[in-house]
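According to numbering that gives the first Met the number 0, the stretch in the sequence shown is residues 0 to 232, in order.
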Amino acid sequence: MSHALTLYRLQQTDTRLDQVQTRLREIGNSLENNPALRAAREQVQTSDSARTQAEKTLREAELNAQSKRIKLETAESNLYGGRIHNPKELQDLQSNVAALKRQLAPLEDGQLEAMLAVETAQEKNAQSQAALRQVEATVINQNSLLKGEKSTLEHERDRLIAERSANTATLPADTLQLYETLRQKKRGLAVARVTENTCGACGNELTPTQAQAARQAGQFVHCASCGRIIFSN
Ligand SMILES: [Zn+2]
């Protein structure tokens with residue numbers, strides 16, 4: 000086999016190997032870090048804190064209203080209990096009861112408002128938990144597909160690496176060096192196939208002499224435009 004053909008085959012192997020490695024990295028990232036799952040978990044955390052805060056506000060509102068109610072009940076039982084007969088004292092008690100009633104009204108409104116806020120926060124929290132469960136189910140499904148693809152690609156990668164070593168073993172060191180250097184400079188593509196007398200990588204048209212030379216075994220012809228090794232069969 001000519002070295003040009005071996006290089007061409009090595010290039011095909013490496014191109015596919017690059018694709019496989021890129022896809023394997025993508026799969027690895029998806030398996031470790033799923034943006035939809037992270038967003039759904041954050042949503043649950045946010046709605047958890049909102050619910051906790053709303054419940055705390057409600058407890059405070061309940062306590063405030065409750066302590067005012069106890070004061071009012073005490074004042075009313077003193078007023079209507081029949082134990083106090085002094086008119087001045089009764090009058091004071093009456094205005095105290097009236098004042099306590101005025102103070103209680105906004106506290107009870109606040110309590111009702113806080114109850115509604117808790118209901119809303121609980122609903123939102125339940126919704127975000129349901130959404131998370133749905134995302135988790137989808138991710139488990141996706142991950143099992145991804146794991147299947149990963150295992151197929153890992154087998155292919157191992158096969159390509161074996162193919163690669165078989166090819167490189169037959170190449171002289173300086174040829175391999177030339178190939179690797181070109182791969183680094185030319186975004187992974189060192190060898191281009193000639194199609195209809197043009198370089199398959201950059202589209203540059205070859206002179207008849209170059210096209211002829213590319214067909215001959217035993218020498219490397221570089222594309223005059225992109226510098227890649229051109230291979231023709
Ligand atoms: Zn070219």
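We treat Cβ as the ideally placed atom computed from N, Cα and C, and that holds for glycine. Model, not experiment: these values are computed from the prediction.
In chain order, what residues of the same chain lie with their CB nearer than 8 Å to the CB of residue 138, ignoring the 5 residues before and after it?
Along the sequence shown, read from residue 1 onward, the residue named residue 138 stands at position 139. Counting only Cβ-Cβ distances below 8 Å, and skipping sequence neighbours, we find 33, 35 and 36.
Got a list of residues with beta-carbon closer than 6 Å to any non-hydrogen atom of ligand 1, in chain order?
Those residues, listed in chain order, are 191, 198, 200, 201, 203, 222, 224, 225 and 227.
Inter-residue spacing [alpha-carbon to alpha-carbon] between residue 202 and residue 15
The count along the sequence shown starts at 1 and reaches residue 202 at position 203. The count along the sequence shown starts at 1 and reaches residue 15 at position 16. If I take the Cα positions, the gap works out to 21 Å.
Residues near residue 166 by beta carbon distance below 7 Å, same chain, minus five either side
On the sequence shown, residue 166 is found 167 positions in, with the first residue counted as 1. Once the five neighbours on either side are set aside, the close Cβ partners of residue 166 are 5, 8, 9 and 12.
Just to confirm my understanding: we take residue 225, look at its own chain, exclude 5 residues before and 5 after, and list those with CB closer than 8 Å. What are they?
Position 226 of the sequence shown, counting from 1, holds the residue named residue 225. Excluding five sequence positions before and after residue 225, the CB atoms of its chain that fall closer than 8 Å to its own CB belong to 185, 191, 198, 200, 201 and 203, given in chain order.
Can you tell me whether residue 140 is buried or exposed, with buried defined as 16 or more other CB within 10 angstroms of its CB?
For the purposes of this step, residue 140 is identified with residue 141 of the sequence shown, where counting begins at 1. Taking all protein chains in view, the Cβ of residue 140 is surrounded by fewer than 16 other Cβ atoms within 10 Å, so the residue is classified as exposed.
Where the beta strand (DSSP E) through residue 228 begins and ends
Start at 1 with the first residue of the sequence shown, and residue 228 comes out as number 229. 228 to 230 is the span of the beta strand (DSSP E), which, as asked, contains residue 228.
Considering only C-alpha positions, which residue in the set 47, 206, 219 and 22 is nearest to residue 124?
Along the sequence shown, read from residue 1 onward, the residue named residue 124 stands at position 125. Ranked by how close their Cα comes to the Cα of residue 124, the residues 47, 206, 219 and 22 have 47 in first place.
Simplified DSSP assignment, three categories, for residue 14
The sequence position of residue 14 within the sequence shown is 15, counting from 1. Residue 14 falls in the helix class under three-state DSSP.
Could you tell me the boundaries of the alpha helix (DSSP H) in which residue 169 lies?
Translated into positions along the sequence shown, residue 169 becomes position 170. Premise fails: residue 169 is in no alpha helix (DSSP H) and is neither H nor E.
Since residue 197 sits in a beta bridge, which residues does DSSP pair it with?
Sequence index remark: in the sequence shown, residue 197 carries index 198 (1-based). Note: residue 197 sits in a beta bridge opposite 194 and 204.
Quick check on the DSSP output: the alpha helix (DSSP H) that includes residue 69 runs from which residue to which?
Start at 1 with the first residue of the sequence shown, and residue 69 comes out as number 70. Here the alpha helix (DSSP H) through residue 69 covers 34 to 79.
Hey, how far is the Cα of residue 120 from the Cα of residue 50?
For the purposes of this step, residue 120 is taken as residue 121 along the sequence shown, with counting starting at 1. For the purposes of this step, residue 50 is taken as residue 51 along the sequence shown, with counting starting at 1. Computed Cα separation, rounded: 5 Å.
Pairing CB atoms from the segment 54 to 70 with CB atoms from the segment 147 to 166, are three or more of them under 8 Å?
When C-beta atoms of the segment 54 to 70 are compared with those of the segment 147 to 166, fewer than three pairs fall below 8 Å, so the two segments do not count as touching.
Assigned secondary structure, residue 154 (DSSP; H/G/I helix, E/B strand, else coil):
Here residue 154 refers to the residue found at position 155 when the sequence shown is read from its first residue. If DSSP states are grouped into helix, strand and coil, residue 154 belongs with the helices.
Quick test of the definition: if touching needs 3 or more C-beta pairs under 8 Å, does the segment 16 to 31 touch the segment 141 to 161?
Here the segment 16 to 31 lies against the segment 141 to 161, with 3 or more beta-carbon pairs under 8 Å apart.
Using DSSP bridges, identify the partner residues of residue 221.
Reading the sequence shown from its first residue, position 222 is the one you call residue 221. Its beta-bridge partners are 228.
How do the segment 128 to 135 and the segment 49 to 63 stand: do at least 3 beta-carbon pairs fall below 8 Å, yes or no?
Between the segment 128 to 135 and the segment 49 to 63 there are fewer than three C-beta pairs closer than 8 Å, too few to call the two in contact.
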